[in-house]
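Taken in order, these protein sequences are the chains called A and Y. Numbered per my numbering, the first sequence spans residues 371 to 629. Numbered per my numbering, the second sequence spans residues 371 to 629. Following: one structure in structure tokens, then a few remarks.
Protein chains: 2
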Amino acid sequence: MATESQKKATVSSTVEDYLKVVLKIEDMKQRASTSRVARHLDVADATVTDMLRKLKKAGLLEYKPYYGAALTPKGRRMAVRILRRHRLLEMFLHQVLGYGWEQVHQEAERLEHAVSDLFISRIDALLDFPAQDPHGETIPDARGFRQVEDDLCLAEAEPGSYSVRKVTNSDPEFLAYLDKVGLRPATRFCLQERTPFQGPLKLLPQSGREPVYLGLEASGSIFVLPLKDRPRAPESDPRAPASRMAGDHAGRSGDEKAG
Amino acid sequence: MATESQKKATVSSTVEDYLKVVLKIEDMKQRASTSRVARHLDVADATVTDMLRKLKKAGLLEYKPYYGAALTPKGRRMAVRILRRHRLLEMFLHQVLGYGWEQVHQEAERLEHAVSDLFISRIDALLDFPAQDPHGETIPDARGFRQVEDDLCLAEAEPGSYSVRKVTNSDPEFLAYLDKVGLRPATRFCLQERTPFQGPLKLLPQSGREPVYLGLEASGSIFVLPLKDRPRAPESDPRAPASRMAGDHAGRSGDEKAG
DNA sequence: GAACTTTATTAGACTGGTCTAAAAATGAAG
DNA sequence: CTTCATTTTTAGACCAGTCTAATAAAGTTC
């Protein structure tokens with residue numbers, strides 16, 4: 371019923387992964403260079419060179435040697451389709467099977483290649499056509515439309531009230547930490563002062579109450595406190611696990627290998 | 371939570387398919403010869419010879435050249451695990467996502483290799499630990515135990531009252547036909563006369579009402595009628611699609627390639 | 001038990017996806 | 001514009017899984 375009468379140019383899950391990565395890189399407004407793609411996929415550069423040429427030949431992307439790749443409309447459609455499947459599956463695992471938000475990514479990563487269109491359309495309906503996944507990422511609709519929002523990076527935010535728009539990191543440990551600490555999509559908090567922390571939180575400015583306090587250690591780690599416990603000055607805090615874990619991830623805040 | 375602390379000798383889905391087929395053949399009390407395995411998997415005999423030797427080396431089965439293969443305990447455990455996954459997934463697709471029983475097999479065939487143990491244990495709980503799949507096949511429990519029942523083949527059945535125990539055929543068209551006609555696991559019916567039909571129906575003698583009549587055309591096709599419409603003598607009937615479809619499948623009633 | 005048929009195995013090759021190591025192009029710095 | 005460092009591509013190889021064609025066991029018949 372769902373997606374009939376379309377040329378099913380079925381591709382391997384490997385190809386799907388390459389397209390997904392190129393889309394992700396393009397979304398970050400970076401050039402999809404051989405090495406960048408290789409880092410995301412954790413394969414050798416030479417492997418990527420080969421593959422990009424194959425994908426070019428298949429009409430899924432443009433590829434200029436020594437420069438990089440860019441999705442064609444066709445490649446983009448396929449990549450967005452996988453993105454949709456991934457996020458819908460994450461939502462399904464979270465809502466229907468009770469997975470923690472730190473558990474959904476890995477499973478969706480495999481399932482996105484294996485489930486049928488029927489499966490996807492059934493869980494879509496079951497979830498009542500959700501607009502976001504458990505991380506707050508927007509789910510492209512069945513036609514492949516995605517509303518791209520201008521999220522605010524934590525590092526760009528002026529002091530004020532915000533809510534967490536999305537968390538762009540899929541590391542289970544880190545997400546479990548955020549969860550423990552009560553920081554998830556839609557959580558509201560007060561940013562005390564500007565911070566250079568580049569972490570995976572994307573924010574939405576917000577007027578309203580501020581139930582949570584979010585601050586920054588000297589080391590660069592983030593920490594979160596109920597507002598009533600807010601310290602006078604946001605400096606060091608003997609919160610061992612929090613410091614450790616947040617620190618770990620703040621360190622790798624650039625881009626590669628984060629998802 | 372479910373299946374921790376066990377050596378995860380992860381194998382490819384291809385290997386899982388080979389093991390599954392050998393288990394299936396052994397369950398039919400046949401010798402898992404090279405060519406029989408090859409027919410089930412739809413690959414060349416030479417391919418199977420290679421693979422059986424690899425699987426022997428991996429300790430998953432015994433293999434005697436020019437004779438055939440037999441699962442080792444380890445191979446059997448793995449095969450039963452896949453069987454469990456397959457049937458649980460079928461039940462899940464049917465019950466939770468509303469798949470028709472003719473649709474579940476194909477999807478489960480892919481998913482059984484892709485989902486995690488967590489996924490399986492979650493759907494198991496969600497379905498309240500079902501004992502059978504939509505076709506009436508018994509689902510092995512989490513420890514790998516399976517109760518094997520002595521079902522009656524249609525061809526062995528004397529005239530009398532029965533209910534459908536299970537349908538061991540996964541052809542979507544055929545199953546859709548049986549469904550349309552109201553013949554599924556637990557359906558009760560009256561067998562009018564002994565039939566040489568070797569089809570995929572397994573029966574369980576049953577005392578009770580007989581709402582359905584199942585008979586045999588001269589050609590070997592089956593057909594079904596509500597009891598009140600039952601004809602005096604079970605002969606031809608101008609029910610075109612029924613005759614056609616059932617005939618198609620009764621023809622290939624032996625064993626190979628049926629599932 | 002010799003001849004023939006069937007079934008199984010070997011031999012050699014191909015594909016997709018990957019690797020390492022070496023060569024080449026690009027780009028940055030003097 | 002040369003030189004050096006970085007990035008990318010080429011060359012050659014490997015592995016898993018598959019195929020076809022040729023050969024060799026096993027089984028069947030007379």
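C-beta: ideal position from N, C-alpha, C; glycine also. None of these values were measured; they are calculated from a predicted model.
*Since V385 of chain A contacts L431 of chain A with CB under 8 Å, what's their CB separation in whole angstroms?*
Position 15 of the first sequence holds residue 385 of chain A. Position 61 of the first sequence holds residue 431 of chain A. Not confirmed; about 10 Å, so no contact.
_Those residues which DSSP pairs with K434 of chain Y across a bridge_ = Locating residue 434 of chain Y in the second sequence gives position 64, where the first residue counts as 1. Per DSSP, Y:G438.
_Cβ-Cβ distance between L393 of chain Y and V485 of chain Y below 8 Å_ = Residue numbering aside, residue 393 of chain Y sits at position 23 when the second sequence is read from its first letter. Residue numbering aside, residue 485 of chain Y sits at position 115 when the second sequence is read from its first letter. Contact check for L393 of chain Y against V485 of chain Y fails: the beta carbons are separated by 8 Å or more.
*Which whole-angstrom value is the C-beta distance of R455 of chain A and I490 of chain A, which I expect to be below 8 Å?*
The residue labelled residue 455 of chain A in the question sits at position 85 within the first sequence. The residue labelled residue 490 of chain A in the question sits at position 120 within the first sequence. The C-beta separation of R455 of chain A from I490 of chain A comes to about 6 Å, placing the pair in contact by the 8 Å criterion.
*Determine the burial state of G445 of chain Y: buried for a count of at least 16 other Cβ atoms within 10 Å of its Cβ, exposed for fewer.*
Indexing the second sequence from 1 puts residue 445 of chain Y at position 75. Counting Cβ neighbours within 10 Å, G445 of chain Y comes out buried, since at least 16 surround it.
*Taking Cβ positions, are I509 of chain Y and A501 of chain Y nearer each other than 8 Å?*
Taking the first residue of the second sequence as 1, we reach residue 509 of chain Y at position 139. Taking the first residue of the second sequence as 1, we reach residue 501 of chain Y at position 131. Yes. Within cutoff.
*Assign S486 of chain A to one of three DSSP states: helix, strand, or coil.*
Looking up residue 486 of chain A in the first sequence gives position 116. If DSSP states are grouped into helix, strand and coil, S486 of chain A belongs with coil.
*Output the distance between the C-alpha atoms of T538 of chain Y and R554 of chain Y, rounded to the nearest integer angstrom.*
Position 168 of the second sequence holds residue 538 of chain Y. Position 184 of the second sequence holds residue 554 of chain Y. About 11 Å.
*Confirm the yes/no value for this check: CB of E386 of chain Y, any heavy atom of the ligand FAD, distance under 7 Å.*
This structure lacks the ligand FAD, and indeed carries no ligand of any kind.
*First and last residue of the alpha helix (DSSP H) that includes K550 of chain A?*
To locate residue 550 of chain A, count along the first sequence from 1; it is residue 180. First-last of the alpha helix (DSSP H) with K550 of chain A: P542 to K550.
*Rounded straight-line distance, which links the Cα of A428 of chain A to that of S405 of chain Y*: Numbered from 1 along the second sequence, position 35 holds the residue referred to as residue 405 of chain Y. Numbered from 1 along the first sequence, position 58 holds the residue referred to as residue 428 of chain A. Whole-angstrom Cα-Cα distance: 37 Å.
_Quick check on R614 of chain Y: buried or exposed, where buried means 16 or more other Cβ atoms within 10 Å of its Cβ?_
As a first step, residue 614 of chain Y is located in the second sequence; it is residue number 244 there, counting from the start. For R614 of chain Y, the pLDDT reaches just 33, beneath the cut-off of 50, and the residue's location in the model is therefore unreliable, although a value from the coordinates is still provided. It counts as exposed.
*Since G530 of chain Y sits in a beta bridge, which residues does DSSP pair it with?*
Walking along the second sequence from the start, residue 530 of chain Y turns up at place 160. Answer by DSSP bridge pairing, in chain order: Y:L561.
*Beta-carbon proximity list for L496 of chain Y, same chain, < 8 Å, skipping 5 on both sides*: Counting from 1 along the second sequence, the entry for residue 496 of chain Y is found at position 126. The residues are F462 and V466.
*What does DSSP give as the partner residues of T508 of chain Y in its beta bridges?*
Locating residue 508 of chain Y in the second sequence gives position 138, where the first residue counts as 1. DSSP lists Y:Q502 as partners of T508 of chain Y.
*Per DSSP, which residues does A402 of chain Y bridge with? Please list them.*
If you number the second sequence from 1, residue 402 of chain Y lands on position 32. Paired residue(s): Y:A439.
*State the CB to CB distance for the pair E507 of chain A and R457 of chain A, rounded to an integer number of angstroms; the pair is presumed to be in contact (CB under 8 Å).*
The sequence position of residue 507 of chain A within the first sequence is 137, counting from 1. The sequence position of residue 457 of chain A within the first sequence is 87, counting from 1. At roughly 6 Å, the Cβ-Cβ gap stays under 8 Å, so E507 of chain A and R457 of chain A are in contact.
*Do L422 of chain A and Y433 of chain A have their C-beta atoms closer together than 8 Å?*
To locate residue 422 of chain A, count along the first sequence from 1; it is residue 52. To locate residue 433 of chain A, count along the first sequence from 1; it is residue 63. It is a contact, given that the beta carbons lie within the stated cut-off.
*For T557 of chain Y versus S533 of chain Y, is the C-beta spacing smaller than 8 Å?*
As a first step, residue 557 of chain Y is located in the second sequence; it is residue number 187 there, counting from the start. As a first step, residue 533 of chain Y is located in the second sequence; it is residue number 163 there, counting from the start. In contact: T557 of chain Y and S533 of chain Y (Cβ atoms closer than 8 Å).
*asked:* If I follow the unbroken alpha helix (DSSP H) through V418 of chain Y, where does it start and stop?
replied: For the purposes of this step, residue 418 of chain Y is taken as residue 48 along the second sequence, with counting starting at 1. Per DSSP, V418 of chain Y belongs to the alpha helix (DSSP H) from D415 to K427.
*In whole angstroms, what separates the C-alpha of L453 of chain Y from that of D415 of chain Y?*
Residue mapping note: residue 453 of chain Y aligns to position 83 of the second sequence, counting from 1. Residue mapping note: residue 415 of chain Y aligns to position 45 of the second sequence, counting from 1. Cα to Cα, the separation comes out at about 24 Å.
*asked:* I'd like to know whether the C-beta of S486 of chain A is nearer than 8 Å to at least one C-beta of chain Y.
replied: Position 116 of the first sequence holds residue 486 of chain A. Yes, contact with chain Y.
*Can you tell me the Cα-Cα spacing of P604 of chain A and A546 of chain A, whole angstroms?*
As a first step, residue 604 of chain A must be located in the first sequence, where it is residue number 234. As a first step, residue 546 of chain A must be located in the first sequence, where it is residue number 176. In this prediction, P604 of chain A scores a pLDDT of 35, lower than 50, which makes its location untrustworthy; no coordinate-derived value is stated.
*alpha helix (DSSP H) runs wholly inside the stretch 447 to 498 of chain A, at least 4 long, in chain order*: Those alpha helix (DSSP H) runs which fall completely within the stretch 447 to 498 of chain A and span 4+ residues are 474 to 484 and 487 to 496.
*When the distance is taken between beta carbons, is E563 of chain Y closer than 8 Å to P529 of chain Y?*
Position 159 of the second sequence, counted from the first residue, corresponds to residue 529 of chain Y. Position 193 of the second sequence, counted from the first residue, corresponds to residue 563 of chain Y. The answer is yes: Cβ separation under 8 Å.
*Can L389 of chain Y and L441 of chain Y be called in contact, C-beta distance under 8 Å?*
Position 19 of the second sequence, counted from the first residue, corresponds to residue 389 of chain Y. Position 71 of the second sequence, counted from the first residue, corresponds to residue 441 of chain Y. With contacts defined as CB atoms closer than 8 Å, L389 of chain Y and L441 of chain Y qualify as a contacting pair.
*Span separating the alpha-carbon of D387 of chain A from that of A408 of chain A*: Counting from 1 along the first sequence, the entry for residue 387 of chain A is found at position 17. Counting from 1 along the first sequence, the entry for residue 408 of chain A is found at position 38. Per the coordinates, the alpha-carbon of D387 of chain A lies some 11 Å from the alpha-carbon of A408 of chain A.
*Can you tell me whether DSSP reads L522 of chain A as helix, strand or coil?*
Position 152 of the first sequence, counted from the first residue, corresponds to residue 522 of chain A. Under the three-state reduction of DSSP output, L522 of chain A falls in the strand class.
*Using alpha carbons as the reference points, say which of Y:C560, Y:H483 and Y:D487 lies closest to S382 of chain Y.*
Position 12 of the second sequence, counted from the first residue, corresponds to residue 382 of chain Y. Measuring from the Cα of S382 of chain Y, the nearest candidate turns out to be Y:H483.
*Just the Cα atoms here: how many angstroms apart are H505 of chain A and D498 of chain A?*
Here residue 505 of chain A refers to the residue found at position 135 of the first sequence. Here residue 498 of chain A refers to the residue found at position 128 of the first sequence. When rounded, the distance between both Cα atoms is 17 Å.
_Taking 7 Å as the limit between beta carbons, can you name the residues of its chain near L561 of chain Y, skipping five residues before and five after?_
Within the second sequence, residue 561 of chain Y is the residue found at index 191, counting from 1. For L561 of chain Y, the CB contacts under 7 Å within the same chain, skipping 5 residues up- and downstream, are A527, P529, G530, Y532 and L584 in chain order.
*Top-ranked residue by Cα proximity to F544 of chain Y, from Y:E472, Y:G468 and Y:L488*: For this step, residue 544 of chain Y is matched to residue 174 along the second sequence. Distance check between F544 of chain Y and each of Y:E472, Y:G468 and Y:L488 places Y:E472 closest, using alpha-carbon atoms only.
*Using a C-beta to C-beta distance shorter than 8 Å, which residues of chain Y count as neighbours of G468 of chain A?*
Residue mapping note: residue 468 of chain A aligns to position 98 of the first sequence, counting from 1. Here the neighbours are R492.
*Look at G470 of chain A and D549 of chain A and say whether their C-beta atoms are less than 8 Å apart.*
Sequence index remark: in the first sequence, residue 470 of chain A carries index 100 (1-based). Sequence index remark: in the first sequence, residue 549 of chain A carries index 179 (1-based). Contact flag set, yes.
*Kindly list the residues whose CB is nearer than 7 Å to the CB of R447 of chain Y, restricted to its own chain and excluding five residues on each side of it in sequence; keep chain order.*
Within the second sequence, residue 447 of chain Y is the residue found at index 77, counting from 1. Here the set comprises G514.
*Could you give the distance in angstroms between the alpha-carbon of G552 of chain Y and the alpha-carbon of H464 of chain A?*
In the second sequence, counting from the first residue as 1, residue 552 of chain Y sits at position 182. In the first sequence, counting from the first residue as 1, residue 464 of chain A sits at position 94. Taking the Cα positions, G552 of chain Y is about 36 Å away from H464 of chain A.
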